[in-house]
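Heads up: the protein sequence lines correspond to chains B and E, in order.
Take 0 as the starting number for the first sequence in numbering that gives the first Met the number 0 and just add one per residue.
Take 0 as the starting number for the second sequence in numbering that gives the first Met the number 0 and just add one per residue.
For each residue, glycine too, the CB sits at the ideal point set by N, CA and C.
One structure below.
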Amino acid sequence: MTEHIAVVGGGTGGTVLANDLADRLRAEIDAGDVRVTLINDDRDHVYKPVWLYVPFGQRELADGRRPLAELVDDAVDLRIDRVTDIDTEGQELQYREGGSDTYDHLVLATGSTLATDEIPGLAAGGHDYYSESGAETLREELLSFTEGHLVLSVIGTPHMCPAAPLEFVFMADDWFRKRGLREDVEITYTYPIQRVHGNPHIAEWARPLMDDRDINVETFFNAESVDAEANRLTSMEGTDIDYDLLVGIPPHRGVDLVEDAGLGDDGWVEVDQHTLEAENAENVYAIGDTADTGAPNAGSVAHYQAGVVGRRLASAVRGRPATATYEGKTLCFVETGMDSASFVEFDYENPPSPVPPSEKIHWAKLAYNESYWLTARGLL
Amino acid sequence: MSETLDADRTVDARGAACPGPLMDLIGAVRDVDSGTVIRLLSDNDQSLTDVPEWADESGNEVLATEETDDYYEIYVETK
Numbered sequence: 000m001t002e003h004i005a006v007v008g009g010g011t012g013g014t015v016l017a018n019d020l021a022d023r024l025r026a027e028i029d030a031g032d033v034r035v036t037l038i039n040d041d042r043d044h045v046y047k048p049v050w051l052y053v054p055f056g057q058r059e060l061a062d063g064r065r066p067l068a069e070l071v072d073d074a075v076d077l078r079i080d081r082v083t084d085i086d087t088e089g090q091e092l093q094y095r096e097g098g099s100d101t102y103d104h105l106v107l108a109t110g111s112t113l114a115t116d117e118i119p120g121l122a123a124g125g126h127d128y129y130s131e132s133g134a135e136t137l138r139e140e141l142l143s144f145t146e147g148h149l150v151l152s153v154i155g156t157p158h159m160c161p162a163a164p165l166e167f168v169f170m171a172d173d174w175f176r177k178r179g180l181r182e183d184v185e186i187t188y189t190y191p192i193q194r195v196h197g198n199p200h201i202a203e204w205a206r207p208l209m210d211d212r213d214i215n216v217e218t219f220f221n222a223e224s225v226d227a228e229a230n231r232l233t234s235m236e237g238t239d240i241d242y243d244l245l246v247g248i249p250p251h252r253g254v255d256l257v258e259d260a261g262l263g264d265d266g267w268v269e270v271d272q273h274t275l276e277a278e279n280a281e282n283v284y285a286i287g288d289t290a291d292t293g294a295p296n297a298g299s300v301a302h303y304q305a306g307v308v309g310r311r312l313a314s315a316v317r318g319r320p321a322t323a324t325y326e327g328k329t330l331c332f333v334e335t336g337m338d339s340a341s342f343v344e345f346d347y348e349n350p351p352s353p354v355p356p357s358e359k360i361h362w363a364k365l366a367y368n369e370s371y372w373l374t375a376r377g378l379l
Numbered sequence: 000m001s002e003t004l005d006a007d008r009t010v011d012a013r014g015a016a017c018p019g020p021l022m023d024l025i026g027a028v029r030d031v032d033s034g035t036v037i038r039l040l041s042d043n044d045q046s047l048t049d050v051p052e053w054a055d056e057s058g059n060e061v062l063a064t065e066e067t068d069d070y071y072e073i074y075v076e077t078k
């Protein structure tokens, strides 16, 4: 009897995992003992880190898209469809295009969605670079912005790529300086808690850089509403900020499928943070943003978690105890300008210690972004 | 304290790394009416300072903080 591994979601985590399984279980797949299905509702794989560079005119949206069929090993059954229901008792998936399929092992890698509408006025008054449409619209605004108040407001956490809001204001500061416009552009950064980043070590590193560059900071600022007519952002704490260009990092949610299946709240699957097994169902894993581990919602996290789950599933298929665990490993490049960047590496036990920014690290980041497609293929 | 202080809603943030408990509390405050009492369950020591600081800043009130063997119960009344 063929053992079926279903992977839902063709982002970084799901794609790396599907290719990892194709490699790791090649013999079992060839013998017909195992089949691996990757289900995604878009024909393309989307590499979201490209979006940070789009508003500055440095990258195009097309740079972040490639057909999944070109990235996924032929040993994987690629299904372009959407899972509309999970029966964790019967271990069965329902598909939007019709039909159903049972699974022996399920991995949810459905990622984050934006909940922009949760903040009244944000859709009308704000811009973002956390979506293709947002990055494209923001580019039109930013490229023609020569004076006024640029406000970046982090509205909800967790959000994708926790460093990206810091990167954006550091890049904007440098970008306007190099163009001789910085004196005419005021930059303000807001964050929901009492420091500029969720991780205290990164916050402690970033705050002096922001002060040195005259980037205004408002902490304990939780955006409550946006008045798009008056160009005013109001916080739950009662602070108003008038803006000329608002970049909002919208609240994030997972997909409804997760909550509907009783696997966790707000679309995040409750998991053991080491094994990545779902707490509320058997034979279900979650990786990447979908897994509520406390690790950042970052591509490197999804990548490393995919490797762990690949090893655990291979153990299960072969009837061996699964011993691979995820220990919180996270790697992030952090742009500190248009041609400098820092780098952090940390895990559950060891906090980050950002290295001094340099041009070399900036180029390492850009080089990795180019070679990402090898990661998606499971080669890097 | 829990015998005399009833919560209208409980937010269980046990196991969440900082700033998860505070953000979970803020998310709940967004959803409820003024005068609602929220009980935040947190096993993160940082919550003992994060939550009162944010409450002061936002005009919400920390009514009480209870400590059990494994976690804290922080009662917050929304403004």
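Is there a Cβ from chain B that is less than 8 Å from the Cβ of residue i?
{"i": "Asp49 (chain E)", "result": "yes"}
{"i": "Glu52 (chain E)", "result": "yes"}
{"i": "Leu24 (chain E)", "result": "no"}
{"i": "Gly34 (chain E)", "result": "no"}
{"i": "Pro20 (chain E)", "result": "no"}
{"i": "Ser1 (chain E)", "result": "Confidence in Ser1 (chain E) is poor, its pLDDT being 47 and thus under 50, which makes the residue's placement unreliable; the coordinate value appears in the next sentence. No, its Cβ sits nowhere closer than 8 Å to a Cβ of chain B."}
Could you compute how far the alpha carbon of residue i sits from the alpha carbon of residue j?
{"i": "Thr115 (chain B)", "j": "Pro250 (chain B)", "result": "6 Å"}
{"i": "Pro353 (chain B)", "j": "Phe342 (chain B)", "result": "6 Å"}
{"i": "Ser1 (chain E)", "j": "Gly261 (chain B)", "result": "Caution is warranted here: a pLDDT of 47 is assigned to Ser1 (chain E), below 50, making its placement in the model unreliable, and the coordinate value is therefore given only provisionally. Cα-Cα distance, rounded: 29 Å."}
{"i": "Leu20 (chain B)", "j": "Leu312 (chain B)", "result": "8 Å"}
{"i": "Tyr102 (chain B)", "j": "Arg81 (chain B)", "result": "15 Å"}
{"i": "Asp241 (chain B)", "j": "Ala229 (chain B)", "result": "8 Å"}
{"i": "Asn296 (chain B)", "j": "Val195 (chain B)", "result": "17 Å"}
{"i": "Gly318 (chain B)", "j": "Asp255 (chain B)", "result": "33 Å"}
{"i": "Asp11 (chain E)", "j": "Glu27 (chain B)", "result": "43 Å"}
{"i": "Asp271 (chain B)", "j": "Lys177 (chain B)", "result": "47 Å"}
{"i": "Tyr128 (chain B)", "j": "Ala30 (chain B)", "result": "45 Å"}
{"i": "Tyr347 (chain B)", "j": "Val75 (chain B)", "result": "32 Å"}
{"i": "Gln90 (chain B)", "j": "Glu281 (chain B)", "result": "9 Å"}
{"i": "Thr238 (chain B)", "j": "Val45 (chain B)", "result": "37 Å"}
{"i": "Leu432 (chain B)", "j": "Val53 (chain B)", "result": "In the structure as shown, chain B starts at 0 and stops at 379, and residue 432 (chain B) therefore has no counterpart that could be examined."}
{"i": "Gln93 (chain B)", "j": "Asp49 (chain E)", "result": "43 Å"}
{"i": "Leu373 (chain B)", "j": "Leu21 (chain E)", "result": "38 Å"}
{"i": "Thr274 (chain B)", "j": "Glu66 (chain E)", "result": "30 Å"}
{"i": "Trp267 (chain B)", "j": "Ser111 (chain B)", "result": "9 Å"}
{"i": "Ala17 (chain B)", "j": "Phe55 (chain B)", "result": "34 Å"}
{"i": "Ala277 (chain B)", "j": "Asp84 (chain B)", "result": "16 Å"}
{"i": "Ser152 (chain B)", "j": "Gly306 (chain B)", "result": "34 Å"}
{"i": "Ser99 (chain B)", "j": "Asn39 (chain B)", "result": "15 Å"}
{"i": "Gly34 (chain E)", "j": "Arg8 (chain E)", "result": "12 Å"}
Could you list which residues in chain B have their beta carbon closer than 9 Å to that of residue i, in chain order?
{"i": "Ser57 (chain E)", "result": "Phe219, Asn221, Ser234, Met235, Glu236 and Gly237"}
From the beta carbon of residue i, is the nearest beta carbon of chain E less than 8 Å away?
{"i": "Pro356 (chain B)", "result": "no"}
{"i": "Thr156 (chain B)", "result": "yes"}
{"i": "Gln193 (chain B)", "result": "yes"}
{"i": "Gly197 (chain B)", "result": "yes"}
What distance in whole Å lies between the Cβ atoms of residue j and residue i, which are believed to be in contact at a cut-off of 8 Å?
{"i": "Gly124 (chain B)", "j": "Leu245 (chain B)", "result": "6 Å"}
{"i": "Glu42 (chain B)", "j": "Val49 (chain B)", "result": "Before going further, note that residue 42 (chain B) is Arg rather than Glu in the sequence given. So it is not a contact: roughly 18 Å between Cβ atoms."}
{"i": "Glu72 (chain E)", "j": "Asn59 (chain E)", "result": "Not quite, the Cβ-Cβ distance comes to about 16 Å (not below 8 Å), so this is no contact."}
{"i": "Leu4 (chain E)", "j": "Leu62 (chain E)", "result": "6 Å"}
{"i": "Asn221 (chain B)", "j": "Glu236 (chain B)", "result": "7 Å"}
{"i": "Pro350 (chain B)", "j": "Ser339 (chain B)", "result": "At roughly 23 Å, the Cβ-Cβ gap does not stay under 8 Å, so Pro350 (chain B) and Ser339 (chain B) are not in contact."}
{"i": "Gly120 (chain B)", "j": "Val225 (chain B)", "result": "3 Å"}
{"i": "Glu146 (chain B)", "j": "Asp173 (chain B)", "result": "With 8 Å as the limit, Glu146 (chain B) and Asp173 (chain B) do not qualify as a contact, their Cβ atoms being about 17 Å apart."}
Could you list which residues in chain B have their beta carbon closer than 8 Å to that of residue i, in chain order?
{"i": "Ala15 (chain E)", "result": "Gly293"}
Which residues in chain D have a C-beta closer than 7 Å to the C-beta of residue i? List them in chain order.
{"i": "Gln90 (chain B)", "result": "In the structure shown, chain D does not exist; the protein chains are B and E."}
Taking 7 Å as the line, does the beta carbon of residue i fall inside it for any heavy atom of the ligand ATP?
{"i": "Ile360 (chain B)", "result": "This structure simply doesn't include the ligand ATP, nor any ligand for that matter."}
Would you say the segment 286-296 of chain B touches the segment 171-191 of chain B, given that touching needs at least three Cβ pairs under 8 Å?
-> no
Pair every Cβ in the segment 161-170 of chain B with every Cβ in the segment 203-221 of chain B, then say whether three or more of these pairs are closer than 8 Å.
-> yes
Give a yes or no on contact between the segment 316-323 of chain B and the segment 297-305 of chain B, applying the rule of three or more CB pairs nearer than 8 Å.
-> no
Specify whether the segment 24-37 of chain B and the segment 4-11 of chain B touch according to this definition: at least 3 beta carbon pairs, one from each stretch, less than 8 Å apart.
-> yes
Does the count of Cβ pairs from the segment 44-59 of chain E and the segment 13-23 of chain E closer than 8 Å reach three?
-> yes
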